[in-house]
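> Chains as they are written, first to last, in this note's numbering: chain W, 1373 to 1726; chain S, 1373 to 1726.
For every residue, glycine included, the Cβ atom is placed at its ideal position computed from N, Cα and C.
Predicted model, so just to flag it, every value in this text is computed and none were measured.
Below is the structure I would like to discuss, written out as structure tokens.
Protein chains: 2
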Amino acid sequence: MKKHNFSAGPSILPQSVLLKASEAIVDYNNTGLSLIEISHRSKEFVDIMENARSLALELLGLEGKGYKALFLQGGASMQFLMVAMNLLEKRAGYLDTGAWSAKAIKEARKLDDIYEVASSAEANYNYIPKGFDIPSDYDYFHCTSNNTIFGTQMKTFPKTNIPMVCDMSSDIFSRTLDFSQFDLLYAGAQKNMGPAGTTLVVVKEDILGKVSRDIPSIMDYKSHIKAGSMFNTPPVFPVYTSMLTLEWLKGLGGIAGIEKENDKKATLMYSEIDLNPLFKGFAAKEDRSKMNATFNLVNENLKETFETMLKEAGISAVNGHRSVGGYRASMYNALPLDSVKVLVEVMSELETKA
Amino acid sequence: MKKHNFSAGPSILPQSVLLKASEAIVDYNNTGLSLIEISHRSKEFVDIMENARSLALELLGLEGKGYKALFLQGGASMQFLMVAMNLLEKRAGYLDTGAWSAKAIKEARKLDDIYEVASSAEANYNYIPKGFDIPSDYDYFHCTSNNTIFGTQMKTFPKTNIPMVCDMSSDIFSRTLDFSQFDLLYAGAQKNMGPAGTTLVVVKEDILGKVSRDIPSIMDYKSHIKAGSMFNTPPVFPVYTSMLTLEWLKGLGGIAGIEKENDKKATLMYSEIDLNPLFKGFAAKEDRSKMNATFNLVNENLKETFETMLKEAGISAVNGHRSVGGYRASMYNALPLDSVKVLVEVMSELETKA
């Protein structure tokens, strides 16, 4: 039976990417060797790394604008620390929109002073705070564009004269934005880009080198830039698979192309949530994420019936995070519209049964 | 044509491991989903992680002795920093046996005082210093068991009453040792364990929690232990493939089993280097590595002929590192004895031609 994979991350990847990645493990490009047993300094892998880096900048519209793309290790959690190590001199402003923002704040606070410009923690993060001030003498402003757990997404970003840093782990490459409004953005690969194990960092070079601390080499963006994202052995397979996904995305017309598909999926999903009296959405309507729709059953007695129906339809990984409960449908780039149709049909069928 | 892959790392993996890893990318264990598109919190992946962690301890003979195994990200280069962050209060002693030791020293020095107990830098690291003192009031002693670039390997380890930390990136799981003499050992996966992208850390819990610094969460071994090596999304594919390699190793009789094969390979290789007048070994005989044999042509005029013959025999990646020159045959666990035989035949054939 076909599975409909709504996993919040690691999450669904294009079938064509999985097939190519699988082949490369046995024989990379007819070299007679596996991709994972050749040197990262070989021409084969250097080409992969360079291609991945330039595709990332090209798809974001950031080529020739002073940015560098890096494929690092350690996930967004490592970036929480690296951002502060590289940019925090005295004080920075953070927008607290969910569990991941809160972790970024906690980690940066160990290095210096962090000011929360606004927070929606008191409402279990079901909305995005707006209308806050960002002091112009801070080192940088940090925000999280999409909150996987709560199903909220920033639709606009504040104007500020200080560097803007954004954790885009769960919605990068999913919607058109003026990415040049950000000075540094980062994203764990395992939602819209590839398998777990690499993190894309895109940084405007001229914001670096301004803090007084002696940054450890492995934590210094400048060491990684200087080494062409090969300061040490990179995570070969995650980078290769990310490159394949970025090529796939380019073939679909880039971000603008996939955005149309993502809009269709989100519209279908939220229409059902709003029209079906058995369900209610968790996030504030104006802040709803197009990547992760969070919703609950109005009547918990239907839980077992609903979950049996989901299983029978081949729908996997729609359980909500424990801090929200209910359901979460993650609709990342590689999820077909068809999978959302199947989920919506099950929800609608439940209504006729109830 | 069959390739004989002598790559220094990322390096050869068992063919059976490559085939299983490749299958898992398309369909993991008949789940209908790829290994890389399921949640790391799924039972499937939690089982993989736990299996990998316990296999590592079992193979090292460290079960039930107060050690924990972790699969982290960032390579040995990240461990250079993490070791110091977690253990360095005032001063530590480092043995400088090569480029990687030197990097470990450089990184730790950014945090506090580091004392080189001995160094072979003046001889381009062609031997392992011996007979040095390790002051008993230092926080820990750090060494590198095998030096990939120079082809040297520590045959014995000093007795000391302070914690002993060892970078075993290039010879872990290759030879029997009393691993309980180490309090912390670490190894990038990409030599004897798996693909690039994960690092095994084995740490005796009771040495942790003794420094006064406020360690960033992602750098704190205790956060990783507490979270069962899932403090954040782990590098799923590298961990799975490492687990497969550890299972393969267990099937061969564990470290004692593979050591016999490694001894045969090294004996054959070094016999040829010593008996063939066209070649000379780089490393001091008593410190020769069983993993990486480094050697040079006595007469550089034979270079082109030799390299053409290597290529014709399907021998790949035997070029020496630029800081040593000549040749390096890396004979990691998964390299068949047959590949060494082919290399030795080419060397011997060159002698008849010359």
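Could you tell me the distance, in whole angstroms, from the CA atom of residue 1503(W) to the CA atom of residue 1711(W)?
Here residue 1503(W) corresponds to residue number 131 of the first sequence, with the count starting at 1. Here residue 1711(W) corresponds to residue number 339 of the first sequence, with the count starting at 1. Answer to the nearest angstrom: the Cα atoms are 37 Å apart.
> Could you say if the stretch 1391–1398 of chain W and the stretch 1577–1588 of chain W meet the contact criterion of at least three C-beta pairs nearer than 8 Å?
Counting Cβ pairs under 8 Å, fewer than three are found: no touch.
> Please tell me whether residue 1373(S) has its Cβ less than 8 Å away from any Cβ of chain W.
Indexing the second sequence from 1 puts residue 1373(S) at position 1. Closer than 8 Å: yes.
> Given residue 1386(W), which residues of its chain have a CB within under 7 Å of its CB, disregarding the five upstream and five downstream residues?
Counting from one through the first sequence, the residue named residue 1386(W) turns up at place 14. For residue 1386(W), where only same-chain residues beyond five positions count, the Cβ hits under 7 Å are 1617, 1620, 1706.
> Just to make sure I have the definition right: I need the residues of chain W whose C-beta is within less than 7 Å of the C-beta of residue 1482(S). Which are they?
As a working note, residue 1482(S) is residue 110 in the second sequence. Correct list: 1586, 1588.
> Considering residue 1634(W), what are the terminal residues of the alpha helix (DSSP H) in which it resides?
Within the first sequence, residue 1634(W) is the residue found at index 262, counting from 1. Element bounds for residue 1634(W): 1626–1647.
> Going along chain S, which residues have a C-beta under 8 Å from residue 1552(W)?
Position 180 of the first sequence holds residue 1552(W). Going along chain S, no residue has its Cβ under 8 Å from residue 1552(W), so there is no contact; the nearest lies around 29 Å.
> Check the C-beta distance from residue 1556(S) over to residue 1579(S) and give it rounded, since I have them as a contact under 8 Å.
Position 184 of the second sequence, counted from the start, is the residue given in the question as residue 1556(S). Position 207 of the second sequence, counted from the start, is the residue given in the question as residue 1579(S). At roughly 7 Å, the Cβ-Cβ gap stays under 8 Å, so residue 1556(S) and residue 1579(S) are in contact.
> Between which residues of its own chain and residue 1664(S) is the CB-CB distance below 6 Å, once the five residues before and five after are set aside?
Sequence index remark: in the second sequence, residue 1664(S) carries index 292 (1-based). Only 1520, 1523, 1700, 1702 meet the Cβ criterion.
> Give the residues of chain S in contact with residue 1630(W), contact being defined as C-beta atoms less than 9 Å apart.
Walking along the first sequence from the start, residue 1630(W) turns up at place 258. Those within 9 Å of residue 1630(W) in chain S number zero; the least Cβ separation is about 17 Å.
> Could you give the distance in angstroms between the alpha-carbon of residue 1484(S) and the alpha-carbon of residue 1527(W)?
Residue 1484(S) sits at position 112 when you count from the first residue of the second sequence. Residue 1527(W) sits at position 155 when you count from the first residue of the first sequence. Spanning the two alpha carbons is a distance of roughly 45 Å.
> If you measure from the beta carbon of residue 1605(W) to each beta carbon in chain S, is any gap under 8 Å?
Start at 1 with the first residue of the first sequence, and residue 1605(W) comes out as number 233. At least one chain S Cβ lies under 8 Å of residue 1605(W).
> List the residues of chain S whose Cβ lies closer than 7 Å to the Cβ of residue 1398(W), in chain order.
Against the first sequence, residue 1398(W) aligns to sequence position 26. Going along chain S in sequence order, the residues near residue 1398(W) (Cβ under 7 Å) are 1390, 1391, 1394.
> Start and end of the alpha helix (DSSP H) containing residue 1488(S)?
As a working note, residue 1488(S) is residue 116 in the second sequence. Run containing residue 1488(S): none in the alpha helix (DSSP H); it sits in the beta strand (DSSP E), 1485–1491.
> Taking the runs of the beta strand (DSSP E) that are 3 residues or longer, which of them lie wholly in the stretch 1451–1538 of chain W?
Those beta strand (DSSP E) runs which fall completely within the stretch 1451–1538 of chain W and span 3+ residues are 1463–1468, 1485–1491, 1513–1516.
> Any residues in the stretch 1595–1624 of chain W with a beta carbon nearer than 8 Å to a beta carbon of chain S? Which ones, in chain order?
Answer set for the stretch 1595–1624 of chain W: 1603, 1604, 1605, 1606, 1607, 1608, 1609, 1610, 1613.
> Beta-carbon within less than 6 Å of residue 1500(S)'s beta-carbon, same chain only, minus the 5 sequence neighbours each way: which residues are those?
Taking the second sequence and counting its residues from 1, the one referred to as residue 1500(S) is at position 128. The residues are 1469, 1524, 1526, 1659.
> So, does the CB of residue 1486(S) fall closer than 8 Å to a CB anywhere in chain W?
Within the second sequence, residue 1486(S) is the residue found at index 114, counting from 1. So no, residue 1486(S) is outside the interface.
> Using DSSP's beta-bridge definition, name the partner residues of residue 1687(S).
On the second sequence, residue 1687(S) is found 315 positions in, with the first residue counted as 1. Partner(s): 1376(S).
> Counting only beta-carbon separations shorter than 8 Å, does residue 1689(S) have a partner in chain W?
What you label residue 1689(S) is simply residue 317 of the second sequence in a count that begins at 1. Output row for residue 1689(S): interface = yes.
> Just to confirm my understanding: we take residue 1493(S), look at its own chain, exclude 5 residues before and 5 after, and list those with CB closer than 8 Å. What are they?
Sequence index remark: in the second sequence, residue 1493(S) carries index 121 (1-based). If we look at residue 1493(S) and ignore the five residues flanking it on each side, its Cβ neighbours are 1468, 1474.
> Which term fits residue 1647(W), buried or exposed, when burial requires 16 or more other beta carbons within 10 angstroms of its beta carbon?
As a first step, residue 1647(W) must be located in the first sequence, where it is residue number 275. With fewer than 16 other Cβ atoms within 10 Å, it is exposed.
> Using 10 angstroms around the beta-carbon of residue 1343(W), count the other beta-carbons present and answer buried if the total reaches 16, otherwise exposed.
Past the boundaries of the shown model lies residue 1343(W); chain W is included only from 1373 to 1726, so the question cannot be answered.
> In chain W, which residues lie with their C-beta within 7 Å of the C-beta of residue 1410(S)?
As a first step, residue 1410(S) is located in the second sequence; it is residue number 38 there, counting from the start. Here the neighbours are 1379, 1382.
> Whose Cβ in chain S lies nearer than 9 Å to the Cβ of residue 1453(W)?
Within the first sequence, residue 1453(W) is the residue found at index 81, counting from 1. Those are 1588, 1589, 1590, 1591, listed as they occur along chain S.
> Shortest alpha-carbon distance to residue 1551(W) belongs to which of 1407(W), 1432(W), 1415(W), 1679(W)?
Residue 1551(W) sits at position 179 when you count from the first residue of the first sequence. It is 1432(W) whose Cα lies nearest to the Cα of residue 1551(W).
> Compare the C-beta of residue 1406(W) against all C-beta atoms of chain S and say whether one is closer than 8 Å.
Residue 1406(W) sits at position 34 when you count from the first residue of the first sequence. So, interface residue.
> Output yes or no for whether 8 Å exceeds the beta carbon distance between residue 1448(S) and residue 1479(S).
Stepping through the second sequence from its first residue, residue 1448(S) is reached at position 76. Stepping through the second sequence from its first residue, residue 1479(S) is reached at position 107. For residue 1448(S) and residue 1479(S), no; Cβs fall outside 8 Å.
> Whole beta strand (DSSP E) runs in the stretch 1554–1609 of chain W with 3 or more residues, listed along the chain?
Counting whole runs of 3 or more residues, the stretch 1554–1609 of chain W contains the beta strand (DSSP E) stretches 1556–1560, 1571–1576.
> In angstroms with no decimal places, state the Cα-to-Cα distance between residue 1425(S) and residue 1490(W).
For the purposes of this step, residue 1425(S) is taken as the residue at position 53 of the second sequence. For the purposes of this step, residue 1490(W) is taken as the residue at position 118 of the first sequence. Residue 1425(S) and residue 1490(W): Cα-Cα distance of roughly 41 Å.
> Buried or exposed: where does residue 1709(S) fall if 16 or more other Cβ atoms within 10 Å of its Cβ makes it buried?
On the second sequence, position 337 is the one that residue 1709(S) refers to. Label assigned to residue 1709(S): exposed.
> My assumption, with CB atoms under 8 Å, is that residue 1382(S) sits in contact with residue 1409(W). Please give the rounded CB distance.
Start at 1 with the first residue of the second sequence, and residue 1382(S) comes out as number 10. Start at 1 with the first residue of the first sequence, and residue 1409(W) comes out as number 37. Going by Cβ atoms, the distance from residue 1382(S) to residue 1409(W) rounds to 6 Å, so yes, they are a contact pair.
> For residue 1400(S), does the three-state DSSP call read helix, strand or coil?
Taking the first residue of the second sequence as position 1, residue 1400(S) is located at position 28. Residue 1400(S): coil per DSSP, three-state reduction.
> Over what stretch of residues does the alpha helix (DSSP H) that includes residue 1424(W) continue unbroken?
Here residue 1424(W) refers to the residue found at position 52 when the first sequence is read from its first residue. It spans 1415–1431 - the alpha helix (DSSP H) in which residue 1424(W) sits, taken as one unbroken run.
> Indicate the three-state DSSP secondary structure (helix, strand or coil) for residue 1662(S) in the structure shown.
Counting from one through the second sequence, the residue named residue 1662(S) turns up at place 290. Reduced to three states, the DSSP call for residue 1662(S) is coil.
> At a Cβ threshold of 8 Å, is residue 1450(W) touching chain S?
Against the first sequence, residue 1450(W) aligns to sequence position 78. Closer than 8 Å to some Cβ of chain S, the Cβ of residue 1450(W) qualifies, so yes.
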